[in-house]
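Trainee:
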Amino acid sequence: MFALRSLHRFPGAIRSSSVLSHAVKSISCASGLQSLRFNTTSTKSPVFSVENRDTGKHIWARKTFLVDYYKYLNDSNEIVLYVHHNNLVRADNKRFRSELKKAGAQLTIIRNSIYSVYLRSEHEKDPADRETSARNKDVVHPLTPLLNGPTGIITIPQCDPSVVSQTLKILKSAQEKIILIGAKIESKVFDIDEINQFKDLPNKDQLQGQLAGLLTILGGAGLVRTLESPGTALYLTMDQRKQDMDPESKDSL
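Counting in this note's numbering, the sequence shown runs from 24 upward without gaps.
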């Protein structure tokens, strides 16, 4: 990022977009394949692409960058909590971010107008594309009403209710400086009541363990073998089970 800024300090130093693109790629490789604009070690880049794009704003414009980054955050996190922040001074900001990081979450302050542009085309490959933005300009996303006032998102990579529970405890300690207003969990929009119900659920590994235990108790191995057998064998098995449960039906045969 610093290197890119340095390049722009010298007018005429780079007069070709292809040369600039080459310089960016060189910087990216030199930094261990990190993001071009963000210090991240994720295999996915926050920048959608720097070539072959017809974006509404210039490819290096902040708006284009933010739309790309918001898409990156939503695509790389299974849980996105939406919050309003009030009078968040620097010390509080630093403390809450640190606590959230320890819990496995990350706070990002967003620009509502640009985030709305992303939401209208979140299902598209490139939400910042000029034609895409024009086509979806009248789309009203279910989360759009939440983007009113100072807004932030708390992102959680995995769909883990326990992380949501820890995050809500941190927000409660914030004494209304950060207020939860909604969420998107995987592909579904949640309101406050649904979030509070979700946070008490077991995670996927726990659910799988409980299901495996239940199947074992109920003879799950035999059930699996039966379900995998041909249709005739399955029918005979179910018919035999019916007769065992209803002796009268067996006598009538």
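Think of the CB as a built atom: it goes at the ideal place given N, C-alpha and C, for glycine as much as any other residue.
In angstroms, rounded to a whole number, what distance separates the CA positions of P180 and L234?
Mentor: Each residue's alpha carbon lies about 24 Å from the other.
Trainee: If we cut at 7 Å on Cβ distances, does D228 have a partner in chain D?
Mentor: Of the protein chains in the structure, only one exists, and it is not chain D.
Trainee: Please report the distance separating the alpha-carbon of P165 from that of K200.
Mentor: Spanning the two alpha carbons is a distance of roughly 24 Å.
Trainee: Can you look up V103 in the DSSP assignment and give me helix, strand or coil?
Mentor: Of the three classes helix, strand and coil, the one that applies to V103 here is strand, per DSSP.
Trainee: Measure the CB-CB distance between E209 and E101 and report whether it falls below 7 Å.
Mentor: Yes, the pair counts as a contact, with Cβ atoms nearer than the cut-off.
Trainee: What's the gap between the Cα of N159 and the Cα of Q129?
Mentor: Using only the alpha carbons, I get a separation of about 29 Å.
Trainee: Would you mind sorting L132 into buried or exposed? The rule is 16 or more other CB atoms within 10 Å of its CB.
Mentor: According to the sequence as given, residue 132 is Ile; it is not Leu. When all chains shown are included, I132 counts as exposed.
Trainee: Scan the region 130-179 and note each continuous beta strand (DSSP E) run of 3 residues or more that stays entirely inside, going in chain order.
Mentor: The qualifying runs are 174-179.
Trainee: In terms of residue numbering, what span does the alpha helix (DSSP H) encompassing K19 cover?
Mentor: Given that the chain is displayed from residue 24 to residue 276, the structure contains no residue 19 and the question cannot be resolved.
Trainee: Counting Cβ pairs closer than 8 Å, one from the region 217-227 and one from the region 130-150, do we hit at least three?
Mentor: No, they do not touch.
Trainee: Assign A114 to one of three DSSP states: helix, strand, or coil.
Mentor: Three-state result, A114: helix.
Trainee: Measuring only the C-alpha atoms, how far is Y95 from T239?
Mentor: So the two alpha carbons sit approximately 41 Å from each other.
Trainee: Give the range of the alpha helix (DSSP H) segment to which K192 is assigned.
Mentor: Its alpha helix (DSSP H) spans residues P184 to S196.
Trainee: Using only the heavy atoms of the ligand MN, determine whether one of them is closer than 6 Å to the beta carbon of I132.
Mentor: The ligand MN is not part of this structure, which contains no ligands at all.
Trainee: Helix, strand or coil: how does DSSP classify A126 here?
Mentor: If DSSP states are grouped into helix, strand and coil, A126 belongs with the helices.
Trainee: If contact is defined by three or more beta carbon pairs under 8 Å, each pair taking one atom from either stretch, is the region 192-206 in contact with the region 97-115?
Mentor: Taking 8 Å as the limit for Cβ pairs, the verdict is that the region 192-206 does touch the region 97-115.
Trainee: For the pair the region 110-122 and the region 185-200, tell me if three or more CB-CB distances fall below 8 Å.
Mentor: Yes, since at least three Cβ pairs between the region 110-122 and the region 185-200 fall closer than 8 Å, the two stretches touch.
Trainee: Since A206 is in the beta strand (DSSP E), which residue starts that stretch and which ends it?
Mentor: Where A206 is concerned, the enclosing beta strand (DSSP E) stretches over I201 to I208.
Trainee: What's the C-alpha gap between T278 and D91?
Mentor: The structure shown does not extend to residue 278, since the chain is modelled only from 24 to 276, so the question has no answer here.
Trainee: Could you check whether I193 and V103 sit closer than 7 Å to each other, using their CB atoms as the reference points?
Mentor: Taking 7 Å as the Cβ cut-off, V103 and I193 do not qualify as a contacting pair.
Trainee: Restricting to Cα atoms, I'd like to know which of P184, A197, S196 and G236 is closest to N226.
Mentor: Nearest option by C-alpha distance: P184.
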